[in-house]
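Take a look at the structure set out below.
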Amino acid sequence: MAQFELNDDGVVVIVGSGAGGGTLANELAQKGVKVVVLEAGPRNEIQDFVNDEWESFTQLAWTDMRVASGSWRVAQDFPNLPAWIVKSVGGSTVHWAGASLRFEDHEFKIASVYGGVKGANLLDWPITKADLDPWYDKAESKLGVTRTNNIPGLPGNNNFKVMEAGARKIGYKEVSTGRMAINSEPRDGRGLCQQIGFCFQGCKSGAKWSTLYTEIPQGEATGNLEVRPNSHVARIEHDRAGKVTGVVYFDESGAMQRQKARVVCVAGNSLESPRLLLNSASTLFPNGLANSSGQVGRNYMRHMTGSVYGTFEKPVHMYRGTTMAGIIRDEARHDPSRGFHGGYEMETISLGLPFMAAFLDPGAWGRSFTSALETYPRMAGMWLIGEDMPQESNCITLDPKAKDKHGLPVANVHYDDHPNDVAMRNHAYRQGAAIYEAVGATVTYPTTPYPSTHNMGTNRMSAKTRDGVVNKFGQTHDIKNLFISDGSQFTSGAACNPTLTIVALAIRQADHIAGAMQRRDL
Amino acid sequence: MLNNENEMESVMRTVDPRERYSRRFLLKGMAAAVPAAAIATSTDLSVSEAWAEGGALAPTTMKTLVKVARDIYPHDFLGDLYYVNAIKPWNEKAGADPAVKTMLEQGVQRLDADAQKRHGVQYASVGWEAQRVKLLQGVEQTDFFKKIRSDLVVSLYNQRELWKKFGYEGPSADKGGYINRGFADIDWLPKV
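So the protein sequences, as listed, match chains A and B. The first sequence begins at 1 in the working numbering and counts up by one. The second sequence begins at 1001 in the working numbering and counts up by one.
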């Protein structure tokens, strides 16, 4: 296993080991580049995962201090848990559901296609879908996405069958078990899905793709990749010329370490990545690193989300089997005649009883709540996920008061719904209820958004320096050897789950960085 | 159930909500005085037996808190034991932190005073749940209520022995997942 010196200024340092950081690390290592990954969380492996929602949450979730602000209900119900993401090697690829969709063509050019939307900071990506398609191909092969690469779709579980029956009854056509990064047959040295139903708690069969047991060990096997868990990067340092020289991090014992770097790539997910840039402010960069545009932390997107659960006369046992292998794509198109820009997906979801009690209707109590919970075995569920509008005022800033255990200002996550988000959500709630009612639901529950599992946009790509933080390769406009490698690069959120796009961008970025290093451009 | 003996129709695997209590589970909510033999079979466990004297909170306070817990999250098919288990940790927290002790005692005193004023009896003796719920609504904005309620979300619903009663089967990887245990056995949907 590789071990690099702290003083080795020839390494690429990657902050974070998830879909972006983990993939980038392996891709670079395969090309002979020396990489040090600094992961804030511990290294939990498959044998450590537990099929228990709260125990798993304690094990895997980021629970370091954060502050939620704004008018979104999450700020009221969960004021210190704006997001549910992972702090463990593998990042959120440990607990993700596996849904792997490409953006639509128009979703790369929302300013051009949607036009002016009042209050929305719309911008076109500096790349098109056609630019990214070759890397989407590679990502789908890497992840083993079902319904690509001759990989069969997963079988539908009870929860899916209910949604499918209702969907077809009301006229939806694009209904299937979806494109999932979950093996429907053995592939890539990993077994096939055992329908365990604890996808959100780490896949105990390894059928679901996660960088933890694919990219990371593959990279480590080259001898070019060193992963340091329990290493929380506090600050990125630079020289007088404004070139990044390395990072300062707190190691396992809490001691401060300095790792030199030739290149630094930030992939801490969209709350910590801008926080790190802001906390790295200096005399030369008083507003934080790479922030000449003022857009670091801004344009925070977390998708329009919500859920619909339906109660039926007879049992469903929705928790049996894959949590999210089921999708309706008919509403993912852009069709302003519905009353909003952009589209949304409808995807099966299930929560166990403990999480249902916490998230069905946070704060609710009394008989109307408990009678809902008592229908649990007869419940089906779907998650609504759609494109939310980027707003400059939705942003990550350094909280003026709250500090973490190292004394550093923490992320304040501000979010207000845009009217477009509200219109889309209401439409989706109605459609979800209609689906379940079509097959006999006696009650339906339009459930409020959970703490954000999709976080995007806070270091966005732009053609012009003044509009965003990074260029089309995720390279920051202001600092040549500083890159962003996670979903904070997204200029738009699209209707679909972000992971496949994060992976595609990371593979492409690796090609770019390796080439630039070879040419001595970096 | 087979309607026609010639059809080999498979039936959805449903979950039996009956659960034999494990001894350890029962003991969590019990004073040591209850005989071990009674625990294995008896479901007739009264709350008053759960509290020995000498805890941080008076037994009457704990009894009222158990009643409050049930009124916040009423499930008629759940015996008192689940609510006792959910509330019991407050005794320890009150012992460790005087501010918690004060909050709980004053919260219960307030409810009892409101109940006396409106119904002439203590909270736990008010006859109808709906009446007690009205009293709880009166304190809904207090720290006392908010902390009890939010704690119950986990302390009540995260009891493994309770899950089966709600048709939730808990861990599955150790049983080979659901691939052979009915993940797709739904049998009542219209054909698509």
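By construction, the Cβ of each residue, glycine as well, lies at the ideal position given by its N, Cα and C atoms.
So, using beta-carbon positions, are residue i and residue j closer together than 8 angstroms?
i	j	result
A/Lys464	B/Leu1189	no
A/Gly90	A/Ile182	no
A/Thr311	A/Thr375	yes
A/Ile236	A/Gly297	no
A/Ile385	A/Asn497	yes
A/Asn471	A/Pro126	yes
A/Arg333	A/Asp388	no
A/Ser17	A/Glu39	yes
B/Leu1136	B/Tyr1082	no
A/Ser88	A/Ala19	no
A/Leu353	B/Tyr1123	no
A/Gln194	B/Ile1179	yes
Measure from the C-beta of residue i to each C-beta in chain B and report whether the shortest distance is under 8 angstroms.
i	result
A/Ile196	yes
A/Gly156	yes
A/Gly178	no
A/Tyr213	no
A/Asn51	yes
A/Ala165	yes
A/Val162	yes
A/Pro532	Only positions 1 to 522 of chain A appear in this structure, which leaves residue 532 of chain A out of reach.
A/Ala358	yes
A/Lys204	yes
A/Val316	yes
For chain A, find out if any of its Cβ atoms is closer than 8 angstroms to the Cβ of residue i; answer yes or no.
i	result
B/Asp1080	no
B/Lys1028	With a pLDDT of 44 at B/Lys1028, under the threshold of 50, the modelled position of this residue cannot be trusted, and the question is left open.
B/Phe1025	Model confidence at B/Phe1025 stands at a pLDDT of 49, short of 50, so the residue's coordinates are unreliable; what they give is reported in the following sentence. By this cut-off, B/Phe1025 is not an interface position.
B/Ala1069	no
B/Thr1014	yes
B/Ile1179	yes
B/Leu1057	no
B/Trp1188	yes
B/Asn1158	yes
B/Gly1167	yes
B/Leu1002	The predicted position of B/Leu1002 is uncertain, since its pLDDT is 38 and thus under 50; a value taken from the coordinates is nonetheless stated next. Not closer than 8 angstroms to any Cβ of chain A, the Cβ of B/Leu1002 fails to qualify, so no.
B/Ala1124	no
B/Val1133	yes
B/Ala1086	no
B/His966	Summary: the structure shown does not reach residue 966 of chain B, with chain B confined to residues 1001 through 1192, and so no result is reported for it.
B/Gly1182	yes
B/Ala1036	Note that B/Ala1036 scores a pLDDT of 36, beneath 50, so its modelled location is shaky; the value from the coordinates is reported in the next line. Judged by the 8 angstroms Cβ criterion, B/Ala1036 is not in contact with chain A.
B/Asp1097	no
Could you please give me the residues that DSSP links to residue i through a beta bridge?
i	result
A/Pro446	A/Val308
A/Cys395	A/Arg298 and A/His414
B/Gln1122	Answer by DSSP bridge pairing: none, since B/Gln1122 is not bridged.
A/Trp383	A/Ser307 and A/Glu347
A/Pro354	Paired residues: none, contrary to the question.
A/Pro409	A/Lys403
A/Glu226	A/Val36
A/Gln475	A/Phe483
A/Lys208	A/Ile182
A/Ile190	According to the sequence as given, residue 190 of chain A is Arg; it is not Ile. A/Arg187, per the DSSP bridge assignment.
A/Ile14	A/Val37 and A/Cys265
With DSSP run on the structure shown, which of helix, strand or coil describes residue i?
i	result
A/Met456	strand
A/Ala506	helix
B/Leu1027	In this prediction, B/Leu1027 scores a pLDDT of 44, lower than 50, which makes its location untrustworthy; no coordinate-derived value is stated.
A/Phe200	helix
A/Met424	helix
A/Ala234	strand
A/Met324	coil
A/Trp470	Correcting the residue identity first, residue 470 of chain A is Val in this sequence and not Trp. In this structure, A/Val470 counts as strand in the three-state DSSP scheme.
A/Ser176	strand
A/Val145	coil
A/Ile435	helix
B/Met1062	helix
B/Met1012	coil
A/Met389	coil
Is residue i near the ligand MG, in the sense that its beta carbon is under 7 angstroms from a heavy atom of that ligand?
i	result
A/Ala516	For the structure depicted, the ligand MG is absent and the ligand set is empty, with no information on it obtainable.
Establish whether the CB of residue i and some CB of chain D are separated by less than 8 angstroms.
i	result
B/Val1154	Protein chains in the displayed structure are A and B, and chain D is not among them.
*What runs of the alpha helix (DSSP H), each 4 residues or longer, lie entirely inside the region 238–309 of chain A?*
269–279
*Enumerated in chain order, which unbroken segments of the alpha helix (DSSP H) with a length of 4 residues or greater are wholly contained in the region 28–112 of chain A?*
53–60 and 73–77
*Curious, which full-length alpha helix (DSSP H) runs of at least 4 residues does the region 1116–1171 of chain B contain?*
1129–1138, 1143–1155 and 1160–1163
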